[in-house]
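For the sequence shown, our numbering assigns the number 13 to the initial residue and increments by one for each residue that follows.
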Amino acid sequence: MKRKLSVLIYALLSLYSIGAIPADISAGHWTTYAEVTSVQIHDNSIFASETNTTDHTSASCASQNGTYWWPATDHLAKERYSSALAAFASGKKVSVVYADECNLKSKRLTHIIIKD
13 MKRKLSVLIY ALLSLYSIGA IPADISAGHW TTYAEVTSVQ IHDNSIFASE
63 TNTTDHTSAS CASQNGTYWW PATDHLAKER YSSALAAFAS GKKVSVVYAD
113 ECNLKSKRLT HIIIKD
């Protein structure tokens, strides 16, 4: 019985770690890796991107999961845009950290990392 329970727990943790089971991610935490599906520049000096995350990230913003924005005036804003664009062009997955600041029906992106 213990062996079966151990195998079940291992299987569930494995599925969770690869993003097959949606997680509730709150602001200030890294999301599960996901593909970038859109990268945008808006005329009001805002960058935006979307991912196909399975995480539940829309607790405070009336937005879809995986939609993020950041002002072009932020420190390293262009570098974040370049990272999102590179991931989009290469099909790589990203993990992000966001803040509960809403704009364009999205959450404010504060960090981004590309998975190899």
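Even for Gly, the Cβ is constructed at its ideal location relative to N, Cα and C.
A quick note: this is a predicted structure, and the numbers were derived from the prediction, not measured.
Separation of residue j from residue i, as counted between CA atoms
i    : j    : result
A101 : I53  : 16 angstroms
H123 : D55  : 22 angstroms
V109 : A84  : 17 angstroms
K117 : I126 : 24 angstroms
I58  : D86  : 10 angstroms
D67  : K105 : 14 angstroms
Residue j beta carbon less than 8 angstroms from that of residue i
i   : j   : result
A60 : Y80 : yes
S95 : W42 : no
Whole-Å CB distance - residue i paired with residue j, under 8 angstroms assumed
i   : j   : result
T63 : V51 : Actually they do not touch by this definition, with Cβ atoms about 10 angstroms apart.
Same chain, Cβ closer than 6 angstroms to residue i, five either side skipped, listed in chain order
i    : result
C73  : C114 and K119
A111 : A39, R120 and T122
As assigned by DSSP and simplified to three states, the class of residue i
i   : result
C57 : Note on identity: in this sequence residue 57 is Ser, with Cys being the wrong assignment. Of the three classes helix, strand and coil, the one that applies to S57 here is coil, per DSSP.
Neighbourhood of residue i by C-beta distance below 7 angstroms, restricted to the same chain and skipping five residues each side
i   : result
L97 : V51
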